[in-house]
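Just remember that my numbering sits 122 ahead of the position in the sequence shown, which is counted from 1.
Single-structure report; data block below.
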Amino acid sequence: AITMIWQTYYIVHAPLGYKTDNIINIFTGDLGENDVRLLRQELPKIPAVKDLALAQAIPFEGGSNSTFQLHGKNIYMQFLMGDSAYFRIFGLKILKDNHLNSGQGYFFTRSSFPILGISEDAPAFTTDNGRKTRKYLISGVLNDFRLVNITDTIYAKHPIAVQLLPTDSIPP
């Protein structure tokens, strides 16, 4: 019984590499653009709201994914997108910043680079998904973090890319 208690405690309190306390996620996909705009204006007026981030994918939901060819092998990459408040709220740490303009490139977690077979100093890499090639500019390096939860074994094997976008460019 003691083992089960400690295992449960560990699953609930395991370090994921990002902040999880006091964060509320509001899905706005079913709202119209005017309703989302109103929500963005009114939420900061609530005294308990300390910060407001806009995002298209968050760590505990796993983000969105894409599959492509790189160096002759299939890569499954997870994508997250958010504004500067998103980085602050989740406590994502930029370990290296290549100082690209917001929205121009992606920050990759440190463990993504060996999976991708590229150096942390690489300015970009080009992929092929069978139909077209795509160049990914590298904005910099982020601290490693886990998607979804600590027990996940699928996302842990995938590179993670986080795009920092200007707040006004994130659609509802």
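Backbone N, C-alpha and C define an ideal beta-carbon position, used for all residues, glycine too.
query: The segment 186-205 in contact with the segment 281-291 per 3-pair CB rule at 8 Å; result: yes
query: Closest residue to G239 among D157, N156, I197 and Q129 (Cα-Cα distance); result: I197
query: Completely contained alpha helix (DSSP H) runs for the segment 141-202, where each covers 4 or more residues; result: 155-164
query: Alpha helix (DSSP H) runs wholly inside the segment 211-273, at least 4 long, in chain order; result: 234-238
query: Inter-stretch contact at 8 Å, needing at least 3 Cβ pairs: the segment 243-253 / the segment 166-175; result: no
query: Contacts around D266, its chain only, beta-carbon distance under 7 Å, and the 5 residues preceding and following it disregarded; result: G139, T231, R232 and S233
query: Euclidean distance between Cα positions of G213 and K141; result: 6 Å
query: Status (buried if at least 16 other CB within 10 Å, exposed otherwise) for G185; result: buried
query: Of the residues G151, I148, I127 and I260, the one placed nearest N223, counting alpha carbons only; result: I260
query: Cβ pair G262, D219 closer than 7 Å; result: yes
query: Simplified DSSP assignment, three categories, for A278; result: helix
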